[in-house]
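Let me begin by presenting the structure, written as structure tokens, before commenting on it.
Residue numbers (the numbering used here): 242 to 743.
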């Protein structure tokens, strides 16, 4: 699974500032030092990495898992969108058996597939595997809560959705494409997706510690929790609920993923998939940009042409990356149990082995989170002060010849509204369900927004209440006791006035 991208100018500006000011570690000469640098920069609790060079495999493990145990080559990790390479391979197994063709229309292999857009009949198997189907998060929100529970339910949920582009005309990474692919595997093979992967891929390759789940947060045997890391503080946390079947639900180990990479290099399990089908998996597809079938073409260094094949995986509490060079047969693999950018580490591990320049590693969120924490504390202080001083503010407004009440309340109202809607906008589409995504991926942004929303509403409400009370005090009706006193004073004044007249 791939998480949504930020599209809000304020957050983008913070990220740009973070790139300039964030903590940076230079690349060192050895794999172990590269892993240690990465953990230092990102605060990653546990890392399992490997470098494959021909028949030799160097493994590097560091840190602890969510249960507090030392990470080993057999520790289980969620591999997130790296799962797509396995879904694509499952489709290619069916292609080799003449059960399906890459250029078959989806409606041919899934007769019940429907969309509220006549163009859906032109979607092909190749297009969903290369993210050129026309599906988009703008017309099919993947981050709904609660999420669908099966590939069949995901496909059925497309019945009232439309496409954002003609199939085969442009590329847009969309996880639902691979959930459709998982459903194709189920319908064509007659097995559940997990059962097919286990029987046809994992068991033949000896990947005994690998399995898959339907949901991103489903529990699995032997899988510890991942971590949220904020400003260097790591807290074991459950994974965010989401749709993962076919696109990000595989759980694996370093040992098993080494087998998977060697299979894709063509040095292991050669009789499982034809050479042509294996090559097709790694071939960039028409109109797909740099995307192949469950893999991407990448440069090994900044500003270099694409020369390696890889794929990453990102969930809220798990990240990973794998990359290999078709020419040199060198590969690198990284699994982590927290957020971060493991593609930096895997690419540097590969670059170090083949003699290419390494890229300095930095964590943009270090500064972003520091700025958000400062904004939260400052905003909380301002709003609490506004609430505490609301009575004094109301008295001044009542005493003013022109109170300009509405204008005086606009700043507080804007702060309150901003806190409520900001998490629904930064991901590119309006939905209050994005509050959940923000809470998992950017907890300090969620805290800032909650502070604005709650304390802003309290301060706004207290000012209005105090202003109303101040008006009641100014124009309060005369009570009976006050009226008696007034009459008495008037009588006394009349007597005094009369005596003076005499």
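Positions of the beta carbon are idealized from the N, C-alpha and C atoms, including for glycine.
By a C-beta neighbour count over all protein chains shown, 10 Å radius and 16 as the cutoff for buried, is residue 310 buried or exposed?
-> exposed
CA-CA distance, residue 337 and residue 612?
-> When rounded, the distance between both Cα atoms is 53 Å.
Which partner residues of residue 832 appear in the DSSP bridge assignment?
-> As displayed, the chain neither begins before 242 nor continues past 743, which places residue 832 out of reach and without an answer.
Cβ-Cβ distance between residue 349 and residue 381 below 7 Å = no
Identify, in the order they occur along the chain, each residue of the same chain with its Cβ nearer than 7 Å to the Cβ of residue 528, setting aside the five sequence neighbours on each side.
-> 373, 409, 410, 411, 412
Residue from 391, 511, 416 whose Cα sits closest to the Cα of residue 378 = If we check each option's Cα against that of residue 378, 416 comes out closest.
When you compare each of 429, 384, 594 to residue 676 by their alpha carbons, which one comes out closest?
-> 384
Identify which residue in 307, 695, 586 has its Cα closest to the Cα of residue 655.
-> 695
Please classify residue 633: does DSSP put it in a helix, a strand, or coil?
-> helix
Hey, would you say residue 558 sits closer than 7 Å to residue 478, going by beta carbons?
-> yes
DSSP on residue 300, reduced to helix/strand/coil?
-> strand
Run of the alpha helix (DSSP H) containing residue 368, from where it starts to where it stops = Segment 366-370, the alpha helix (DSSP H) holding residue 368.
Own chain residues within Cβ distance below 6 Å of residue 587, not counting five before or after = 562, 564, 573, 575
Can you tell me whether DSSP reads residue 583 as helix, strand or coil?
-> helix
Same chain only: Cβ atoms within 6 Å of residue 463, ignoring 5 sequence neighbours per side = Non-local beta-carbon contacts of residue 463 in its own chain, meaning distances under 6 Å to residues more than five positions away in sequence, involve 317 in chain order.
Identify which residue in 702, 711, 625 has its Cα closest to the Cα of residue 640.
-> 711
Alpha carbon to alpha carbon, what distance is there between residue 443 and residue 449?
-> 7 Å
Check residue 697 in the structure and name its three-state DSSP category.
-> helix
Residue 447 to residue 522 span [Cα, whole Å] | 21 Å
For residue 357, does the count of other Cβ atoms within 10 angstroms reach 16, so buried, or fall short, so exposed?
-> exposed
Given a threshold of 16 other Cβ atoms within 10 Å of its Cβ, counted over all protein chains shown, does residue 673 qualify as buried or as exposed?
-> exposed
Shortest alpha-carbon distance to residue 545 belongs to which of 554, 592, 502?
-> 592
Name the residue from 657, 708, 598 whose alpha carbon lies nearest to the alpha carbon of residue 646.
-> Of the candidates 657, 708, 598, the residue whose Cα lies closest to the Cα of residue 646 is 708.
8 Å contact criterion, which residue 552 and residue 323 should meet: CB distance rounded | 5 Å
Which residues mark the beginning and the end of the beta strand (DSSP E) in which residue 289 is found?
-> Run containing residue 289: 287-294, per the beta strand (DSSP E) assignment.
What is the C-beta distance between residue 434 and residue 405, in whole angstroms, given that I count them as a contact (C-beta under 8 Å)?
-> About 26 Å separates the beta carbons of residue 434 and residue 405, which is beyond the 8 Å limit, so they are not a contact pair.
How do the region 291-308 and the region 491-502 stand: do at least 3 beta-carbon pairs fall below 8 Å, yes or no?
-> yes
Is residue 602 helix, strand or coil when you go by DSSP?
-> strand
Distance, Cα to Cα, residue 321 vs residue 331?
-> 17 Å
Nearest CA to the CA of residue 571: which residue from 475, 507, 560, 289?
-> 507
Which stretch, first to last residue, makes up the alpha helix (DSSP H) that contains residue 274?
-> 272-283
To the nearest angstrom, how far is it from the Cα of residue 483 to the Cα of residue 325?
-> 16 Å
Go ahead and label residue 536 buried or exposed: buried means 16 or more other beta carbons lie within 10 angstroms of its beta carbon, across all protein chains shown.
-> Residue 536 sits buried, since 16 or more C-beta atoms from the chains shown fall within 10 Å of its C-beta.
Who are residue 471's beta bridge partners in DSSP?
-> 474
Beta-carbon proximity list for residue 341, same chain, < 8 Å, skipping 5 on both sides | 332, 335, 350, 366, 425, 429
Note down the Cα distance separating residue 663 from residue 688, rounded to an integer number of angstroms.
-> 12 Å
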